[in-house]
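A.B. asks: Residue numbers (our numbering), protein chains in the order written: chain C, 1 to 204; chain G, 1 to 198. Sharing a structure here in structure tokens format.
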Amino acid sequence: MLQTQNLAARRGEAVLFSDLSFSLPPGAALVIGGPNGSGKTTLLRILAGLTHAEHGALSWCGTPMRPFDPRLRTEVLFIGHLPALKDELTALENLASLAALAGPRPAAARVREALASWGLARQHDLPARVLSQGQKRRVALARLALASAPLWLLDEPATALDDAGVATLCDAVGAHLASGGVAVIATHQTLALPDGAVQSLRLA
Amino acid sequence: MQLLFYIIVVTLFPLGVGVETALLHALGPGVLWVAALLASLLSLPRLFGSDFADGALEQIALSPYPLPALISGKILAHWLTTGAPLALLSPLLALQFGLDAHESAALIIGLLLGTPTLSLLGAIGAALTLGLRSGGALLALLSLPLYVPILIFGAAAVSATHAGLGAAGEFSVLGAALLVSAVGAPLACAAAVRIAMD
Chain C
1 MLQTQNLAAR RGEAVLFSDL SFSLPPGAAL VIGGPNGSGK TTLLRILAGL THAEHGALSW
61 CGTPMRPFDP RLRTEVLFIG HLPALKDELT ALENLASLAA LAGPRPAAAR VREALASWGL
121 ARQHDLPARV LSQGQKRRVA LARLALASAP LWLLDEPATA LDDAGVATLC DAVGAHLASG
181 GVAVIATHQT LALPDGAVQS LRLA
Chain G
1 MQLLFYIIVV TLFPLGVGVE TALLHALGPG VLWVAALLAS LLSLPRLFGS DFADGALEQI
61 ALSPYPLPAL ISGKILAHWL TTGAPLALLS PLLALQFGLD AHESAALIIG LLLGTPTLSL
121 LGAIGAALTL GLRSGGALLA LLSLPLYVPI LIFGAAAVSA THAGLGAAGE FSVLGAALLV
181 SAVGAPLACA AAVRIAMD
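Shown next as structure tokens:
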């Protein structure tokens, strides 16, 4: 479903990676590891269509994709480093707004359910300003419970998460893969994902 | 914040220039319009700045909805909280310059037509200077040349009313500028935002 060929990227003068090729069928996940600054975020941003690659081709479901391709924007869920939460809005309002950007606004009950599944049932009325880093990360990741996009791109999703949070993350990704979705995750931690489905990539 | 800036700047002029009524009356339209321009410039970095900093702009850029449409929504919200209150408050401040009812009407109509255009044109500069360190100065440099025609016709509308001629011509130009920027600015902003994402 997701394929790259000879992908290369640079930051300024430095070449981050080159000749990167992989192919992910439905139900597969790619876990990207590597030291800080090795280009994990850049690779994810290229896959999301936010940035141009220096060389190489990206294709989704057989069709070549350029940055900001409409089809890519409909079928990708990208959760980056920054949680994109507004301090003045409550957790519920933040999550509802982010979900509304990606498609029809979900019902309030569904949003509350999504927050509850990520352990934030009692925090849904609190402004994001008072949430801890881990709680903010959970609100950002709660989008996974509301998403219908087939391609998930997660940049260091386990940052600031406690063990329970990491377990919820792994369950969510596992369920997504089982229903035929594809995920690319950049992480420093080992995630408990179903064995057969995971490819590993290490950027040096 | 911008509103307070506008009130203070506009009030400083009569205090500094003195009580000579004729002089104040002549200066009034120009001062009120220039202050509106400066207040608009002051508020522009916030338009995309905080979204850029917390990652929300990325999510907006990745949304399946058309980016120009989403950006138009942001600019409308921006105008409703900056330009619109400023325009509605201006007749009150115009009293300090001795503008009469007809001139105040020309002022408020001109500002209501012109401030959305300032928000739209300024948004292009705001999107282009995203993430730059000396963004504020560059933003002013990019936006002010575009603002000048709006300033000229807006102030001329009040002067024309004072001279007894109608301001219909000036309002037409302001209206045309608004229509052109309403269509063109969101497209230009979308392109600039995508460049900023790179």
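From the three backbone atoms N, C-alpha and C, an ideal C-beta is built for every residue, glycine too. The structure displayed is predicted, hence computed values, not measured ones.
Counting only Cβ pairs nearer than 7 Å, list the residues of chain G close to Arg138/C.
C.D. replies: Correct list: empty, because the minimum Cβ distance to chain G is about 16 Å.
A.B. asks: Where do the ends of the beta strand (DSSP E) carrying Gly103/C lie?
C.D. replies: Taken as a continuous stretch (DSSP letters only), Gly103/C belongs to no beta strand (DSSP E), as it is neither H nor E.
A.B. asks: What does Met197/G reach in chain B if we use C-beta pairs closer than 9 Å?
C.D. replies: Absent here is chain B; the protein component of the structure consists of chains C and G.
A.B. asks: Excluding the 5 residues preceding and the 5 following Ala48/C in the sequence, name in chain order all residues of the same chain whose CB lies nearer than 7 Å to its CB.
C.D. replies: Cβ within range, chain order: Val76, Phe78, Leu153.
A.B. asks: Over the uninterrupted alpha helix (DSSP H) stretch that includes Ala33/G, give me the two end residues.
C.D. replies: A small fix is needed here, since residue 33/G is Trp in this sequence, not Ala. That run of the alpha helix (DSSP H) goes 21–43.
A.B. asks: List the residues of chain G whose Cβ lies closer than 8 Å to the Cβ of Phe17/C, in chain order.
C.D. replies: The contacting residues do not exist; Phe17/C stays about 17 Å from chain G at best.
A.B. asks: One question on the structure: do Leu131/C and Val139/C come within less than 8 Å of each other, judged by their Cβ atoms?
C.D. replies: Closer than 8 Å, so yes.
A.B. asks: Roughly how many angstroms lie between the CA atoms of Ile46/C and Leu86/G, to the nearest whole one?
C.D. replies: Their Cα atoms are separated by approximately 43 Å.
A.B. asks: If contacts are defined as beta-carbon pairs under 8 Å, then Pro106/C and Ala99/C qualify, I think. What distance do you get, rounded to the angstrom?
C.D. replies: So it is a contact: roughly 5 Å between Cβ atoms.
A.B. asks: Taking all protein chains shown into account, decide if Gln123/C is buried (16 or more other Cβ within 10 angstroms of its Cβ) or exposed.
C.D. replies: Burial call: buried.
A.B. asks: Apart from the five residues on each side of it in sequence, which residues of its chain come closer than 8 Å, Cβ to Cβ, to Gly39/C?
C.D. replies: Same-chain partners within the cutoff: Ala9, Arg11, Leu16, Phe17, Leu203.
A.B. asks: At least one CB of chain C closer than 8 Å to the CB of Ile71/G: is that the case?
C.D. replies: No, Ile71/G lies away from the interface with chain C (no Cβ there is under 8 Å from its Cβ).
A.B. asks: If we call anything under 8 Å between Cβ atoms a contact, is Gly196/C one with Ala164/C?
C.D. replies: It is not a contact, given that the beta carbons lie outside the stated cut-off.
A.B. asks: Report the residue from His55/C, Lys86/C, Thr190/C, Pro194/C whose alpha carbon sits nearest the alpha carbon of Val182/C.
C.D. replies: Ranking the options by Cα distance to Val182/C, first place goes to Pro194/C.
A.B. asks: Is there at least one Cβ from chain G nearer than 8 Å to Arg73/C's Cβ?
C.D. replies: Cβ-Cβ to chain G under 8 Å: yes for Arg73/C.
A.B. asks: From which residue to which residue does the beta strand (DSSP E) around His162/G run?
C.D. replies: First-last for His162/G: 135–162, but that is the alpha helix (DSSP H), not the beta strand (DSSP E).
A.B. asks: Using the rule of at least 16 other Cβ atoms within 10 Å of the residue's Cβ for burial, across every protein chain shown, is Glu170/G buried or exposed?
C.D. replies: With 16 or more Cβ atoms within 10 Å of its Cβ, Glu170/G is classed as buried.
A.B. asks: I need the straight-line Cα distance from Ala128/C to Thr74/C, nearest angstrom please.
C.D. replies: Looking at the two C-alpha atoms, the distance is approximately 27 Å.
A.B. asks: Can you name the residues of chain G whose CB is closer than 8 Å to the CB of Pro83/C?
C.D. replies: Residues of chain G passing the Cβ test: Asp54, Gly55.
A.B. asks: Which two residues bound the contiguous alpha helix (DSSP H) that contains Trp79/G?
C.D. replies: 67–81 is the span of the alpha helix (DSSP H), which, as asked, contains Trp79/G.
A.B. asks: In this structure, does DSSP put Ser119/G in helix, strand or coil?
C.D. replies: Correct three-state label for Ser119/G: helix.
A.B. asks: Can you find at least 3 beta carbon pairs, one from the region 53–61 of chain C and one from the region 48–64 of chain G, that sit closer than 8 Å?
C.D. replies: With a cut-off of 8 Å, the region 48–64 of chain G and the region 53–61 of chain C do not count as touching, because too few Cβ pairs lie within range.
A.B. asks: Where DSSP assigns a beta bridge to Pro64/C, which residues make up the other side?
C.D. replies: Ser59/C, per the DSSP bridge assignment.
A.B. asks: Could you tell me the boundaries of the alpha helix (DSSP H) in which Leu165/G lies?
C.D. replies: No alpha helix (DSSP H) contains Leu165/G, which DSSP labels as neither H nor E.
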